[in-house]
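Asker: First residue of the sequence shown: 1, per UniProt numbering; consecutive thereafter.
Ideal Cβ placement from N, Cα and C applies to all residues, glycine included.
Being a predicted model, the structure only gives us computed values, none of them experimental.
Before anything else, here's the structure in question.
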Amino acid sequence: MDIRQNIYSLTDDQLERFQAAVNALKADGTYDYFTEQHHHSMHEATVFPWESGGHLLRNSAHRGPAFLPWHRYYCREFELALQDKDLSVTLPYWDWAADSAAGAAAPLWNTDPDRGRIYIGGNGTGPDSTVNTGPFAGWEVLVEWGMGFTRRPGGLRRQLGLAVPTLPTPADVRACITDLPVYDTDPWHPGSVDSFRNQLEGWPNGPAMHNRVHVWVGGDMGPGTSPNDPVFFLHHAFVDLIWARWQQTHAGDYLPDGQGPPGHNLHDEMAYLDSTSPTPANCLDHRRSMGYIYDTDPPSVQQMTTGLNFTNVMAGDVERRYALFRVQAAQPVTFEVLPTSALQPPYSLLHAEPTIIHEPVVDNRPYDEVRIWFAFSAELTPGPAPAGSAQIRCRETDEVFEISLTGSTRALSVR
1 MDIRQNIYSL TDDQLERFQA AVNALKADGT YDYFTEQHHH SMHEATVFPW
51 ESGGHLLRNS AHRGPAFLPW HRYYCREFEL ALQDKDLSVT LPYWDWAADS
101 AAGAAAPLWN TDPDRGRIYI GGNGTGPDST VNTGPFAGWE VLVEWGMGFT
151 RRPGGLRRQL GLAVPTLPTP ADVRACITDL PVYDTDPWHP GSVDSFRNQL
201 EGWPNGPAMH NRVHVWVGGD MGPGTSPNDP VFFLHHAFVD LIWARWQQTH
251 AGDYLPDGQG PPGHNLHDEM AYLDSTSPTP ANCLDHRRSM GYIYDTDPPS
301 VQQMTTGLNF TNVMAGDVER RYALFRVQAA QPVTFEVLPT SALQPPYSLL
351 HAEPTIIHEP VVDNRPYDEV RIWFAFSAEL TPGPAPAGSA QIRCRETDEV
401 FEISLTGSTR ALSVR
């Protein structure tokens with residue numbers, strides 16, 4: 001499955017492929033389409049009839065409960081567009097909290113090859129704060145003009161740390177995850193209290209969290225066309241990762257599940273997305289329903305086979321079958337057949353060792369498949385064989401899975 005990594009963890013080849021895929025989307029116009037989508041989402045009001053404020057109170061993708069699921073779909077659609085250019089590319093994330101102490105001196109903004117890798121170019125310079133460095137220098141960007149858009153030549157604009165001096169810290173992220181067990185609260189807008197979504201979006205005591213990062217980067221990261229700057233997608237991948245950690249920490253459900261503002265309920269379709277049935281309900285499990293994981297996600301193992309039945313195996317023959325597991329993991333996962341297993345003739349393990357290590361496969365399937373093979377050696381005497389079993393433990397999750405083994409022998413065919 002697709003594994004999203006910290007951008008600093010990418011190999012040189014992975015980084016170059018990511019940069020090339022982004023530039024390829026820019027060259028054929030697809031990138032600008034994503035910028036338009038985001039801009040439109042910010043201007044589509046989703047308010048109750050009695051509410052005032054329009055899109056500045058709540059809109060399709062911001063200032064309300066749908067903020068996180070909308071951007072989860074949006075970033076996944078962008079990631080799949082990147083893979084149309086290069087199937088090996090996944091969307092990396094920028095852990096801005098880890099870079100909070102370094103600020104504009106963080107490696108992400110490096111412009112000197114002698115000091116390290118070039119990621120996305122550096123800060124803007126000159127009277128227009130233009131970015132003249134990095135793989136995206138010289139871009140024409142899409143900006144709002146009247147009722148539509150126009151192209152602004154000259155490059156991206158950044159003003160790192162000008163409007164606000166600091167980024168959110170690791171302590172801010174931890175508090176957001178641990179202290180707020182409720183996803184969202186009435187009135188479902190920037191005034192919501194004790195709301196994880198609202199805190200992560202950054203409205204209380206703002207600009208904070210997500211909003212603060214936009215303001216800190218400045219320049220083209222400020223308006224509704226903020227996806228003009230590729231750092232937008234690195235930023236929102238990390239916001240999505242924080243939501244994933246919150247989901248792993250709390251059992252709280254997405255709210256509202258009904259009776260909330262239009263476009264923000266659990267089963268409401270969200271606007272300006274191209275996915276099939278883009279509802280919050282259909283994206284809550286990013287691993288199983290969206291097909292990607294983060295390099296920080298704990299592994300998930302699903303047992304698909306609870307028993308193997310070797311039926312009517314001809315006397316003297318050996319039949320092979322496998323127990324199937326579905327694995328979602330960013331790191332190797334180890335399965336071990338425990339010595340407590342009732343695994344004795346006529347049953348046997350086909351692997352050379354009782355420990356099987358699965359290396360994650362990077363593709364866009366929602367899970368990897370792990371097969372653990374067993375054999376049944378049919379005896380010469382026809383009839384049912386004694387039952388057996390195998391206990392298989394996943395070291396990383398400390399789960400033990402029971403596999404029942406049954407079999408029977410049929411007489412040799414006489415011709």
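Could I get the ranges of all uninterrupted beta strand (DSSP E) runs contained in the region 292-316, with 3 residues as the minimum, in chain order?
Answerer: Counting only runs of 3+ residues, the beta strand (DSSP E) found wholly inside the region 292-316 occupies 292-294, 300-303 and 307-314, in chain order.
Asker: Would you call the region 72-87 and the region 124-140 in contact, with 3 or more CB pairs under 8 Å?
Answerer: no
Asker: Classify V215 as helix, strand or coil using the three-state DSSP reduction.
Answerer: Here residue 215 refers to the residue found at position 215 when the sequence shown is read from its first residue. Helix.
Asker: Is the region 2-22 close to the region 370-377, with three or more CB pairs under 8 Å?
Answerer: no
Asker: With three or more beta-carbon pairs closer than 8 Å as the criterion, would you say the region 259-275 touches the region 200-214?
Answerer: Short answer: they don't touch.
Asker: Out of L266, Y292 and M42, which one is the CA nearest neighbour of N282?
Answerer: By 1-based counting over the sequence shown, the position of residue 282 is 282. Of the listed residues, the one whose Cα sits closest to N282 is L266.
Asker: Answer yes or no: do A21 and K85 have a C-beta to C-beta separation smaller than 7 Å?
Answerer: The residue you call residue 21 lines up with position 21 of the sequence shown. The residue you call residue 85 lines up with position 85 of the sequence shown. Taking 7 Å as the cut-off, the Cβ atoms of A21 and K85 count as close.
Asker: For a minimum of 4 consecutive residues, which ranges assigned as the alpha helix (DSSP H) are wholly contained in the region 156-189?
Answerer: 170-178
Asker: G81 to M147, Cα distance in whole Å?
Answerer: In the sequence shown, counting from the first residue as 1, residue 81 sits at position 81. In the sequence shown, counting from the first residue as 1, residue 147 sits at position 147. The sequence as given places Ala at residue 81; Gly does not occur at that position. C-alpha separation (whole angstroms): 27 Å.
Asker: On the criterion of 16 or more Cβ atoms from any shown chain inside 10 Å, does Q344 qualify as buried, or is it exposed?
Answerer: Taking the sequence shown and counting its residues from 1, one reaches residue 344 at position 344. The residue is exposed, with fewer than 16 neighbouring Cβ atoms inside 10 Å.
Asker: Specify whether the region 35-52 and the region 233-253 touch according to this definition: at least 3 beta carbon pairs, one from each stretch, less than 8 Å apart.
Answerer: no
Asker: If you scan the region 83-156 from start to end, which runs of the beta strand (DSSP E) of 3 or more residues do you find wholly inside it?
Answerer: 141-145 and 148-152
Asker: Whose CA, out of L338, L234 and L180, lies closest to the CA of V400?
Answerer: Counting from 1 along the sequence shown, the entry for residue 400 is found at position 400. Answer by Cα proximity: L338.
Asker: Quick check on S300: buried or exposed, where buried means 16 or more other Cβ atoms within 10 Å of its Cβ?
Answerer: Sequence index remark: in the sequence shown, residue 300 carries index 300 (1-based). It counts as buried.
Asker: So, for V182: in the same chain, excluding its five sequence neighbours on each side, which residues have a beta-carbon less than 8 Å away from its beta-carbon?
Answerer: Within the sequence shown, residue 182 is the residue found at index 182, counting from 1. D194, S195, F196, G252 and L255.
Asker: Below 8 Å, how does it come out for the region 381-396 and the region 358-366: are there three or more Cβ pairs, yes or no?
Answerer: no
Asker: Mark T35 as exposed unless 16 or more other C-beta atoms lie within 10 angstroms of its C-beta, in which case mark it buried.
Answerer: On the sequence shown, residue 35 is found 35 positions in, with the first residue counted as 1. The residue in question, T35, is buried, as its Cβ has 16 or more Cβ neighbours within 10 Å.
Asker: Under 7 Å between the Cβ atoms of D99 and A106?
Answerer: Taking the first residue of the sequence shown as position 1, residue 99 is located at position 99. Taking the first residue of the sequence shown as position 1, residue 106 is located at position 106. Going by C-beta atoms, D99 is nearer than 7 Å to A106.
Asker: Across which residues does DSSP place W373 in a beta bridge pair?
Answerer: Along the sequence shown, read from residue 1 onward, the residue named residue 373 stands at position 373. DSSP, once it has assigned bridges, lists Y322 as partnering W373.
Asker: As a quick exercise: from Q37, L167, A66 and E16, pick the residue whose alpha carbon is nearest that of G260.
Answerer: For the purposes of this step, residue 260 is identified with residue 260 of the sequence shown, where counting begins at 1. Across the set Q37, L167, A66 and E16, the C-alpha of A66 shows the shortest separation from the C-alpha of G260.
Asker: Compare the beta carbon distance of M314 and R410 with 7 Å and say whether it is the shorter of the two.
Answerer: Along the sequence shown, one-based indexing puts residue 314 at 314. Along the sequence shown, one-based indexing puts residue 410 at 410. Yes, these two residues count as a Cβ contact at 7 Å.
Asker: Would you check if the distance between the CB atom of H236 and the CB atom of V213 is smaller than 7 Å?
Answerer: The sequence position of residue 236 within the sequence shown is 236, counting from 1. The sequence position of residue 213 within the sequence shown is 213, counting from 1. Their beta carbons are not under 7 Å apart, which means H236 does not touch V213 by this criterion.
Asker: Distance check for P346 and Q302, CA to CA, integer angstroms please.
Answerer: The sequence position of residue 302 within the sequence shown is 302, counting from 1. The sequence position of residue 346 within the sequence shown is 346, counting from 1. Taking the straight line joining both Cα atoms gives about 27 Å.
Asker: Determine the burial state of A175: buried for a count of at least 16 other Cβ atoms within 10 Å of its Cβ, exposed for fewer.
Answerer: By 1-based counting over the sequence shown, the position of residue 175 is 175. That one is exposed.
Asker: Who pairs with N6 in a beta bridge, going by DSSP?
Answerer: The residue you call residue 6 lines up with position 6 of the sequence shown. BP columns for N6 point to Y93.
Asker: Have a look at A101, E140, L284 and P366 and flag the residue whose alpha-carbon is nearest the alpha-carbon of T225.
Answerer: Reading the sequence shown from its first residue, position 225 is the one you call residue 225. Ranking the options by Cα distance to T225, first place goes to E140.
Asker: Among N312, S192, I118 and R287, which has the Cα closest to the Cα of Q247?
Answerer: Translated into the one-based positions of the sequence shown, residue 247 becomes position 247. Of N312, S192, I118 and R287, the residue nearest in Cα terms is R287.
Asker: Just mark P230 as buried or exposed, buried being the case when its beta carbon has 16 or more other beta carbons within 10 Å.
Answerer: For this step, residue 230 is matched to residue 230 along the sequence shown. P230 should be labelled buried.
Asker: Could you check how far apart the C-beta atoms of A97 and G121 are, in whole angstroms? I think they sit under 8 Å.
Answerer: Residue mapping note: residue 97 aligns to position 97 of the sequence shown, counting from 1. Residue mapping note: residue 121 aligns to position 121 of the sequence shown, counting from 1. That belief does not hold up - the Cβ atoms of A97 and G121 are roughly 21 Å apart, past 8 Å.
Asker: The alpha helix (DSSP H) that contains F196, what's its start and end?
Answerer: Locating residue 196 in the sequence shown gives position 196, counting from the first residue. From DSSP, the alpha helix (DSSP H) with F196 extends over F196 to E201.
Asker: Buried or exposed, going by whether 16 or more other CB atoms sit within 10 Å of the CB of R151?
Answerer: As a working mapping, residue 151 is identified with position 151 in the sequence shown. Exposed.
Asker: What does a CB cutoff of less than 7 Å around L349 pick up in its chain, not counting 5 residues either side in sequence?
Answerer: By 1-based counting over the sequence shown, the position of residue 349 is 349. Cβ within range, chain order: V337, L343 and F374.
Asker: Span of the alpha helix (DSSP H) holding H40?
Answerer: As a position in the sequence shown, residue 40 is number 40, starting the count at 1. Where H40 is concerned, the enclosing alpha helix (DSSP H) stretches over T30 to M42.
Asker: With H, G and I counted as helix, E and B as strand and the rest as coil, what does DSSP make of T381?
Answerer: As a first step, residue 381 is located in the sequence shown; it is residue number 381 there, counting from the start. If DSSP states are grouped into helix, strand and coil, T381 belongs with coil.
Asker: Among the residues of its own chain, which have a CB less than 8 Å from the CB of N110, if the five just before and after it don't count?
Answerer: As a first step, residue 110 is located in the sequence shown; it is residue number 110 there, counting from the start. Counting only Cβ-Cβ distances below 8 Å, and skipping sequence neighbours, we find G116, R117, I118, Y119 and G122.
Asker: Going by DSSP, what residues sit across from E402 in a beta bridge?
Answerer: Residue 402 sits at position 402 when you count from the first residue of the sequence shown. DSSP output for E402 lists Q391 as bridge partner(s).
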